[in-house]
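Below is one structure, written out as structure tokens, with a few remarks after it.
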Amino acid sequence: MKNDRNFNLDQILSNLRDSIDEFQPKLKFPDELKSSIERLVKSLKVFEENKIEINIDYDAFKAIGERLNEYTQNVSVHTLLVSRHGWFIDLIAPIDMPANAYTLFKSGNIKAGDKVIGDYYHEYIDDVFDTLKKRHKRRKFILEDILNGYKEKNYRMIIPCIFTQIDGISNDFTKKAFFTKKEKKYNHLPEFSALIKAETEGFLDYYISPLQNQTPIMVNEKYLGGFPCKFNRHQIIHGSSVSYGNKTNSLKAISFLKYLSDILTSLKTKGKIA
């Protein structure tokens, strides 16, 4: 006979699996959380093998719950500050990256914050573009040109091209170019923002704060002075900025492209957009 403590275990495990699925298979957990999950997996294996009297590691459940609760409570704040510095964190980055980058930027250590996120995108640049090319097949050759341009350090050439693909991918999914701004009630935010706000839910909802607030890459240039980063799409496309062509800015643009693709792909998978 099953232990009374485990009476609702099937439902608990089902809910836990559903929650973890939200983080996607490739999500990189920090060692502390990873250790708790590994302990839990061992318990699950025992349950599956024996079906009856088992000892579930409730400390593992508690540790995972506490860590995930801490993460979800703060991730919106963390990703928003990071985006104010021109960066966007995709949905398969290490789970502690938003907090680590936030701490560095908050303390004024901007170079270190840039390095943490920049090193991540640089290290996985081929994986990033493999994913993008699989998702956006008709843009494959443009994406290959961007990747080659990055590797050849043609930063001035690829950044405007990345901006066109951000608009294009947004239009593919939503019939709206990302940088189109019409609705006054969204205070110069892209028209796209209203759709995202209406459709996101669950885990994804914690990641969209950069799309619901002004960030330097999308802001009207008259408001750019209020941001620590001056990397601005409008100034680049319209020729007023000529000093944007560097590796860091290229990676910032790539981070936005990948982040937006992740959000839109997730929404499509959930049936929220066509």
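If you're matching positions, the sequence shown starts at 510 in our numbering and goes up one per residue. Yeah, the Cβ is synthetic: ideal placement off N, Cα and C, and Gly gets one too.
1. Tell me which residue opens and which closes the alpha helix (DSSP H) that Glu-730 is part of.
2. What residue range is occupied by the uninterrupted alpha helix (DSSP H) comprising Cys-670?
3. Are the CB atoms of Ile-745 and Tyr-753 nearer to each other than 7 Å?
4. Return the CA-CA distance between Tyr-768 and Lys-739, expressed in angstroms with no decimal places.
5. Hey, is the segment 611 to 627 in contact with the segment 641 to 657, meaning 3+ C-beta pairs nearer than 8 Å?
6. Going by other Cβ atoms of all chains shown within 10 Å of its Cβ, with 16 needed for buried, is Arg-742 buried or exposed?
7. Please identify the residue among Ser-679, Lys-761, Glu-730 and Gln-723 whose C-alpha is closest to the C-alpha of Leu-773.
8. What residue range is occupied by the uninterrupted alpha helix (DSSP H) comprising Ile-651?
9. Whole angstroms is fine: what's the gap from Ile-655's alpha carbon to Ile-601's?
10. Leaving out the 5 sequence neighbours to the left and right, which residues in its chain are closer than 8 Å to Leu-766 when beta-carbon positions are compared?
11. Assuming Gly-595 contacts Ile-726 (C-beta within less than 8 Å), just tell me the rounded distance between them.
12. Looking only at C-alpha atoms, which of Phe-682, Gln-721 and Gly-735 sits nearest to Leu-776?
According to the structure data:
1. It is not in any alpha helix (DSSP H) - Glu-730 carries neither H nor E in the DSSP assignment.
2. Its alpha helix (DSSP H) spans residues 664 to 683.
3. Their beta carbons are under 7 Å apart, which means Ile-745 touches Tyr-753 by this criterion.
4. Computed Cα separation, rounded: 20 Å.
5. In this structure the segment 611 to 627 does not touch the segment 641 to 657; the number of beta carbon pairs closer than 8 Å is below three.
6. With 16 or more Cβ atoms within 10 Å of its Cβ, Arg-742 is classed as buried.
7. Nearest of Ser-679, Lys-761, Glu-730 and Gln-723 to Leu-773, Cα basis: Ser-679.
8. Boundaries of the alpha helix (DSSP H) harbouring Ile-651: 649 to 660, taken from the DSSP string.
9. Looking at the backbone, the Cα of Ile-655 and that of Ile-601 are separated by about 21 Å.
10. Result list for Leu-766: Leu-641, Ile-671, Gln-674, Ile-675 and Ile-678, in chain order.
11. Rounded to the nearest angstrom, the Cβ distance from Gly-595 to Ile-726 is 6 Å, consistent with a contact under 8 Å.
12. The closest CA to that of Leu-776, considering only Phe-682, Gln-721 and Gly-735, is found on Phe-682.
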